[in-house]
Each structure stands twice: as structure tokens, then as C-alpha cells.
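These notes concern the structure reproduced below.
Numbering (this note's numbering), first residue to last: 1 to 98.
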């Protein structure tokens, strides 16, 4: 299994209504390649991989599908019951540690 596939498998573990971070995924893969995680997720075309649930370590939403425009990502997260305030998510409430 290549790196991208491993990232996608970790992403699939994040339950609906929760988020994880690029850093959490990297740590679960024994890696510090946070940007590589983001790059892999930006190329995701598989609807079974909920890449919209992966956000920045500081709670910021981050980009989506290779773009800094994250309106679609916000809509998906809000549909799952995740509260967003000033483009940030409360990690104490919504973080899922992989």
C-alpha cells in the first residue's frame, strides 16, 4: 500500500460528526509529512474517503480539493453537525484522535 492509500485508509476512520488533523493522520502513520497528507487529500476523487473531515492543527478549516476556497468543505462539515465559528472548529469538542 502506498503513502496516499494509507492516508485515505486513516481518513476513512474519522466518524461522521468528528474531524481530525493533518498532524493526527501523520502521527498515526509515524510520519511528520503533514503537507504530504494535505497533498494526497487534495487529489482525492473517492467519495468513500471523507477528506473534508481533515483540518489544520489549530482548528482552522483549511483548503478543500486542492483549493483554498473551502465553502463546500464548510457545508459538508455543518451538515454533519460540526459547528464552525470564525472559520475554526473547536477541537476539544470535535477532534477524533486516530
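Even glycine gets a Cβ: it sits at the ideal position worked out from N, Cα and C. Keep in mind it's a predicted model, so treat the numbers as computed, not measured.
CB contact flag (residue i, residue j, <9 Å)
| i | j | result |
| --- | --- | --- |
| residue 7 | residue 40 | yes |
| residue 14 | residue 65 | no |
| residue 89 | residue 59 | yes |
| residue 98 | residue 24 | yes |
| residue 73 | residue 61 | yes |
| residue 21 | residue 76 | no |
| residue 12 | residue 28 | no |
Paired residues, beta bridge with residue i - DSSP
| i | result |
| --- | --- |
| residue 60 | 88 |
| residue 7 | Looking at the DSSP assignment, residue 7 forms no beta bridge with any residue, so it has no partner. |
| residue 49 | Residue 49 pairs with nothing; no bridge assigned. |
| residue 55 | 21 |
| residue 13 | None, per the DSSP bridge assignment. |
| residue 103 | As shown, the chain starts at 1 and ends at 98. That puts residue 103 outside it, with no answer to give. |
Endpoints, the alpha helix (DSSP H) within which residue i is located
| i | result |
| --- | --- |
| residue 75 | 71–79 |
| residue 23 | 22–28 |
| residue 41 | 34–42 |
Cβ-based burial, residue i [other Cβ within 10 Å; buried from 16]
| i | result |
| --- | --- |
| residue 85 | exposed |
| residue 17 | exposed |
| residue 70 | buried |
I want to know whether the region 46–62 touches the region 78–96 - three or more CB-CB distances under 8 Å.
Verdict: yes, contact present.
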